[in-house]
Amino acid sequence: MIQETSPQNIALVGIGNSLAGDDAAGITALEQLKLALCNNTSLVFLTLAGDLYEISDHLHRAHHFIFIDAVAGDEPGHILRSCWIPRAYAPSFHQTDIGAVMVSLERLECIQPFPTWELWGITIDPPHEIRTELSPPVVQAVADLVEKLTQHVTASLPGFKGT
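Residue numbering for the sequence shown follows my numbering, starting at 6 and increasing by one per position.
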């Protein structure tokens, strides 16, 4: 069991595959959040681009994790916030989602206390080809999510005003 006495307050984690078009929404949003929130040393910025269980190596780094991911939806470009949102595309052999991973890791008691977490998702159509650009509705949703999440994080960290 790993224990850390002084983790950062919040970890922002972008999830996705930059070669799968809209599946890169989480990673793209994270890059924009780094620019908006770079002046705060209470934040950790992480990217998960494949094995979601890699997060277990970082659980000691924050009290609260905010995951940002592309998720399955009927119409691309909607923002969802929950702990259980189905992935649109899982680029790993496990074909799992971060919610299932976090529940599994908590049950394994790999760290005490286990950090709190939430998922912010952007709905996409599952990718069918290799491409690196986001579709227009997802580009807009990323911008909207970054604005909302910047406000959310800033409100959670007393005394922090952003850039």
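Think of the CB as a built atom: it goes at the ideal place given N, C-alpha and C, for glycine as much as any other residue.
| field | Beta bridge counterpart(s) of Ile71 as assigned by DSSP | value | Bridge partners of Ile71: Leu17 and Glu123.
| request: Taking only the alpha-carbon atoms, compute the straight-line gap between Ala75 and Glu152 and give it to the nearest angstrom. | output: About 17 angstroms.
| field | Within the segment 29-90, ranges of the beta strand (DSSP E) (whole runs, at least 3 residues) | value | As for any beta strand (DSSP E) of minimum length 3 sitting wholly inside the segment 29-90, the runs are 48-53, 67-77 and 84-87, ordered along the chain.
| said: Out of Leu42, Asn22 and Glu59, which one is the CA nearest neighbour of Cys115? | reply: Taking only the C-alpha atoms, the option nearest Cys115 is Glu59.
| DSSP state of Thr128 mapped onto helix, strand, coil | In the structure shown, Thr128 adopts extended strand secondary structure according to DSSP, grouped into three states.
| message | Could you compute how far the alpha carbon of Ser87 sits from the alpha carbon of Ile20? | response | Distance between the alpha carbons of Ser87 and Ile20 is about 15 angstroms.
| task | State buried or exposed for Val108, treating a residue as buried only when at least 16 other CB atoms are found within 10 Å of its CB. | result | Taking every protein chain shown into account, the CB of Val108 has fewer than 16 other CB atoms within 10 angstroms, so this residue is exposed.
| Straight-line CA distance for Pro118 to Ile135? | Their Cα atoms are separated by approximately 40 angstroms.
| Mind checking whether Thr52 and Ile32 have CB atoms under 9 angstroms apart? | The Cβ atoms of Thr52 and Ile32 lie closer than 9 angstroms to each other.
| query | Does DSSP put Ile135 in a helix, a strand or coil? | reply | Ile135 sits in coil when the DSSP states are folded into three classes, being neither helix nor strand.
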